[in-house]
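Enquirer:
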Amino acid sequence: MILALTLAIVLGTVIGAVLYSRRQARAKTMAEWAVGGRRFGILIFWFLNAGEIYTTFAVLGISGFAWAYGAPAYLALTSVSLAAVIGYWLMPRIWAAGHKDNLVTQADFFAAHYRATWLGVVVGLAGIAALIVYVQIQITALGLILRLTLGQDVSPALAAIMAAVVMVAFVFLAGLRSAAFAAGVKDILMLVVVVVLCGGAATAVGASSIMDIYTRVQDNFPAAGSFPGLKPEAGLDSVWLMTSGLNVAIGNWILPHLFQLCFSAGSRKTIRRNAVLQPIYSLSYFFIILLGFAALLAGTQPPDGDSNAALITFVAGHYPPWAVGLFAGTACLLALVPGSVLLLTAGSLFSRNVLKPMLPSLTDRAALLASRLSMLVFAGTAVWLTLGASRSLVEIGLSAYAAIGMLAPGVYFAFTWKRANAVGIMAGIVVGYAALLPQMQPFWGELLPHWDTGLVAMIVNAAVAALVSVAIPSRSRD
Amino acid sequence: MTTGRYGHRWLFLIPFLWQIAAVPLVNDVAWRPLSLPFPMAWQMVGIVVTTIVIAIVFRLDERIDGDEDGADGEALQGGDHHA
Chain L
3 MILALTLAIV LGTVIGAVLY SRRQARAKTM AEWAVGGRRF GILIFWFLNA
53 GEIYTTFAVL GISGFAWAYG APAYLALTSV SLAAVIGYWL MPRIWAAGHK
103 DNLVTQADFF AAHYRATWLG VVVGLAGIAA LIVYVQIQIT ALGLILRLTL
153 GQDVSPALAA IMAAVVMVAF VFLAGLRSAA FAAGVKDILM LVVVVVLCGG
203 AATAVGASSI MDIYTRVQDN FPAAGSFPGL KPEAGLDSVW LMTSGLNVAI
253 GNWILPHLFQ LCFSAGSRKT IRRNAVLQPI YSLSYFFIIL LGFAALLAGT
303 QPPDGDSNAA LITFVAGHYP PWAVGLFAGT ACLLALVPGS VLLLTAGSLF
353 SRNVLKPMLP SLTDRAALLA SRLSMLVFAG TAVWLTLGAS RSLVEIGLSA
403 YAAIGMLAPG VYFAFTWKRA NAVGIMAGIV VGYAALLPQM QPFWGELLPH
453 WDTGLVAMIV NAAVAALVSV AIPSRSRD
Chain E
-19 MTTGRYGHRW LFLIPFLWQI AAVPLVNDVA WRPLSLPFPM AWQMVGIVVT
31 TIVIAIVFRL DERIDGDEDG ADGEALQGGD HHA
């Protein structure tokens, strides 16, 4: 029953997506395939955007964080709406730059704005690295769902490999257009799942109502509701929330796939209106945190104490099989939709900004092929990262944001400060990555306790970029 | 740099003050509005406040920029310094 329902949801979405994309003009060139032809209206654009927000990071990661730590799960409430404020200001600028120079990728933007192809290569590689870390989140979650539906005797390694195969198959069946369709299906199903799970949550834990779950959590676990949460030794206090929330908000649009998404918007007005609607989505994290707290009240003990599996274990133990199947199928889409967008972006970054500058004679067909083949390698790398890793999805997500934050100064300076130049931006990136090295962590921990390392490294990066840009002015900038 | 026409974008400071700067101030409030932990309720109201702020700025911006669908007007002047 659970397996059948899961398969029905995933296969139904894939078939629907293929039919939907057939009806559209067939994408042939690299640009069309990667950016969806620059003709997205507000509805598809909004769904695609929301698809990025409602990831496994949010649903499995945040509920797991609520189960394990309590208050630190509020990160989702803080970061998403602040990202919308920044997006309102930033996205139209990225969009305008994309239209002016006919850009396809984020690395294109760096190469064009700073007039340095080599910087485009560096940015392309940095973007791919961050995207692979982000794919790792989706593979981890998809692996957990596969083990739920197929049984725990499937090893985590095998589950991760199967997850990657499913994800790659999903990408290859069609490009960005079908991701928009699948995102729509996923959002509707997610709504149903939330209603079903929250509707049954109070009964499952013996509470009288949804709000009673919140009351009971605070009564039984007095530390859960406020910072530093259930495990003060983890250092997830107010300072952690403030710095992580800010870093995620600043880094959000720098993620290559979201940056690239700006190019595909139909107009500036579309982007701005979308930013108005976006924070409202994040209110529904209320339900995700609720489910995490319900799992806590129910005394859920996921295998190996893995917080990522807290919600899955809770659902499997307290809900009827049809609800478990619905949840599992939707959770698969939750990983597959963003996962396919992430892989597509990494593939186009690779062929266009890493390969093409080295092999200028590459034809469009060859570039498309290279792009598709490279995705296999990236999915494989993500599987490799997943093996033996036991970190929370939220922690993996914060690492991805720390990595991509290294490209943030180059983007923000491009729109605010004319003197910033390629050499300065490169110097900032190098020093910023050095600041993220594990060897530096004790130093930062002592200097700025509980600060999000990503934010610290981003500040260092920006300062170095500014200093070097002033010290070594570029030769000829209009 | 700011021409004054986009001065209303200073409103964008409100979400950051509410959802980030105020975090330590509201952390120890014991009151549970609608049974919710206060710091959580604070963030949720913050989301509503942020939405309202963006909506106000959007309306004022559209009044200035009209329906012209080209590049952001102010972007050509070097940008403002908010956000």
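Just so you know, the sequences run in chain order L and E.
Position 185 of the first sequence, counting from 1, maps to 187 under my numbering, and the rest follow consecutively.
Position 58 of the second sequence, counting from 1, maps to 38 under my numbering, and the rest follow consecutively.
All C-beta atoms in this analysis are idealised placements derived from N, C-alpha and C, irrespective of residue type, glycine included.
Under the rule that 16 or more other beta-carbon atoms within 10 Å means buried, what is L/R218, buried or exposed?
Expert: What you label residue 218 of chain L is simply residue 216 of the first sequence in a count that begins at 1. When all chains shown are included, L/R218 counts as buried.
Enquirer: Can you check whether the CB of L/F112 is closer than 9 angstroms to the CB of L/G294?
Expert: Numbered from its first residue, the first sequence carries residue 294 of chain L at position 292. Numbered from its first residue, the first sequence carries residue 112 of chain L at position 110. Not in contact: L/G294 and L/F112 (Cβ atoms no closer than 9 angstroms).
Enquirer: Return yes when the Cβ of L/Y287 is within less than 9 angstroms of the Cβ of L/A75, no when it is not.
Expert: Against the first sequence, residue 75 of chain L aligns to sequence position 73. Against the first sequence, residue 287 of chain L aligns to sequence position 285. Contact flag set, yes.
Enquirer: Of the residues that make up the segment 280 to 299 of chain L, which ones have a beta carbon closer than 8 angstroms to any beta carbon in chain E?
Expert: P281, I282, S284, L285, F288, I291
Enquirer: Let's see if you can read the secondary structure: which residues bound the alpha helix (DSSP H) around L/D221?
Expert: Here residue 221 of chain L corresponds to residue number 219 of the first sequence, with the count starting at 1. Note, L/D221: alpha helix (DSSP H), 212 to 222.
Enquirer: DSSP state of L/A267, grouped into three classes?
Expert: As a first step, residue 267 of chain L must be located in the first sequence, where it is residue number 265. Three-state result, L/A267: strand.
Enquirer: With DSSP run on the structure shown, which of helix, strand or coil describes L/W419?
Expert: Numbered from its first residue, the first sequence carries residue 419 of chain L at position 417. Of the three classes helix, strand and coil, the one that applies to L/W419 here is coil, per DSSP.
Enquirer: Consult DSSP for L/K233 and reduce its assignment to one of helix, strand or coil.
Expert: Position 231 of the first sequence, counted from the first residue, corresponds to residue 233 of chain L. Coil at L/K233, not helix or strand.
Enquirer: I want to see whether chain L comes within less than 9 angstroms of E/R12, judged by CB atoms only; does it?
Expert: Translated into the one-based positions of the second sequence, residue 12 of chain E becomes position 32. Closer than 9 angstroms to some Cβ of chain L, the Cβ of E/R12 qualifies, so yes.
Enquirer: From L/L199 to L/Y321, what does the alpha carbon distance come to, in whole angstroms?
Expert: In the first sequence, counting from the first residue as 1, residue 199 of chain L sits at position 197. In the first sequence, counting from the first residue as 1, residue 321 of chain L sits at position 319. Their backbone Cα atoms lie some 8 angstroms apart in a straight line.
Enquirer: So L/V317 and L/I4 are in contact, right, with Cβ under 8 angstroms, and what is the actual spacing, rounded?
Expert: Stepping through the first sequence from its first residue, residue 317 of chain L is reached at position 315. Stepping through the first sequence from its first residue, residue 4 of chain L is reached at position 2. 10 angstroms between Cβ atoms; not a contact.
Enquirer: For L/A402 and L/P258, I'd like the C-alpha separation in whole angstroms.
Expert: Start at 1 with the first residue of the first sequence, and residue 402 of chain L comes out as number 400. Start at 1 with the first residue of the first sequence, and residue 258 of chain L comes out as number 256. If I take the Cα positions, the gap works out to 11 angstroms.
Enquirer: Tell me, please, whether the CB atom of E/I44 is closer than 9 angstroms to any CB atom in chain L?
Expert: Here residue 44 of chain E refers to the residue found at position 64 of the second sequence. For E/I44, the answer is no, since every Cβ of chain L falls outside 9 angstroms of its Cβ.
Enquirer: Helix, strand or coil: how does DSSP classify L/Q303 here?
Expert: For the purposes of this step, residue 303 of chain L is taken as residue 301 along the first sequence, with counting starting at 1. Residue state, collapsed to three classes: coil.
Enquirer: Would L/C334 and L/I64 be called neighbours here (beta carbons separated by less than 9 angstroms)?
Expert: Position 332 of the first sequence, counted from the start, is the residue given in the question as residue 334 of chain L. Position 62 of the first sequence, counted from the start, is the residue given in the question as residue 64 of chain L. No, the pair does not count as a contact, with Cβ atoms beyond the cut-off.
Enquirer: Roughly how far, in whole angstroms, is the beta-carbon of L/L13 from the beta-carbon of L/W324, given that I think they are within contact range, below 8 angstroms?
Expert: To locate residue 13 of chain L, count along the first sequence from 1; it is residue 11. To locate residue 324 of chain L, count along the first sequence from 1; it is residue 322. Not a contact, Cβ separation roughly 17 angstroms.
Enquirer: Where does L/Y22 fall in DSSP's three states?
Expert: Working through the first sequence from its first residue, we reach residue 22 of chain L at position 20. Reduced to three states, the DSSP call for L/Y22 is helix.
Enquirer: Listed in chain order, which residues of the segment 11 to 36 of chain E have Cβ atoms closer than 8 angstroms to some Cβ of chain L?
Expert: R12, L14, S15, L16, P17, F18, P19, M20, Q23, M24, G26, I27, V28, T30, T31, V33, I34, A35
Enquirer: Check each candidate in L/T383, L/V197, L/G153, L/V124 and name the one with the smallest Cα separation from L/L409.
Expert: Locating residue 409 of chain L in the first sequence gives position 407, counting from the first residue. Closest option to L/L409, Cα to Cα, is L/V124.
Enquirer: From E/G26, E/E42, E/L5, E/F38, pick the residue whose C-alpha is nearest to that of L/V82; which is it?
Expert: For the purposes of this step, residue 82 of chain L is taken as residue 80 along the first sequence, with counting starting at 1. Considering only alpha carbons, the answer is E/G26.
Enquirer: Can you list the residues of chain E that L/F329 reaches, using a CB-CB cut of under 9 angstroms?
Expert: If you number the first sequence from 1, residue 329 of chain L lands on position 327. Under the 9 angstroms cutoff, chain E gives no residues; its nearest Cβ is about 24 angstroms from L/F329.
Enquirer: Please classify L/G390: does DSSP put it in a helix, a strand, or coil?
Expert: Start at 1 with the first residue of the first sequence, and residue 390 of chain L comes out as number 388. DSSP places L/G390 in coil when its eight states are reduced to three.
Enquirer: Determine the closest residue to L/I11 out of L/V187, L/L133, L/A60, with distance taken between C-alpha atoms.
Expert: The residue you call residue 11 of chain L lines up with position 9 of the first sequence. The option with the nearest alpha carbon to L/I11 is L/V187.
Enquirer: Check the Cβ-Cβ distances between L/R421 and every residue of chain E, and say whether any is below 9 angstroms.
Expert: Taking the first sequence and counting its residues from 1, one reaches residue 421 of chain L at position 419. No, L/R421 does not count as interfacial toward chain E.
Enquirer: Output the distance between the C-alpha atoms of L/G39 and L/S266, rounded to the nearest integer angstrom.
Expert: Along the first sequence, read from residue 1 onward, the residue named residue 39 of chain L stands at position 37. Along the first sequence, read from residue 1 onward, the residue named residue 266 of chain L stands at position 264. With a pLDDT of only 49 at L/G39, under the threshold of 50, the placement of this residue in the model should not be trusted; the figure read from the coordinates follows. Each residue's Cα considered, the two are about 7 angstroms apart.
Enquirer: Let me confirm a value: L/R274 is counted as buried when at least 16 other C-beta atoms fall within 10 Å, else exposed. Which label applies?
Expert: Within the first sequence, residue 274 of chain L is the residue found at index 272, counting from 1. The residue in question, L/R274, is buried, as its Cβ has 16 or more Cβ neighbours within 10 Å.
Enquirer: Mind checking L/V197: buried by the 16 CB within 10 Å criterion, or exposed?
Expert: In the first sequence, residue 197 of chain L corresponds to position 195, counting from 1. Exposed, because fewer than 16 other Cβ atoms sit within 10 Å of the Cβ of L/V197.
Enquirer: Should L/Y321 be listed as close to the ligand HEM, given that the test is whether its C-beta is under 8 angstroms from any heavy atom?
Expert: Summarising the ligand content, the structure contains no ligands, and the ligand HEM is consequently not present.
Enquirer: From the beta carbon of L/V87, is the nearest beta carbon of chain E less than 9 angstroms away?
Expert: Numbered from 1 along the first sequence, position 85 holds the residue referred to as residue 87 of chain L. So, interface residue.
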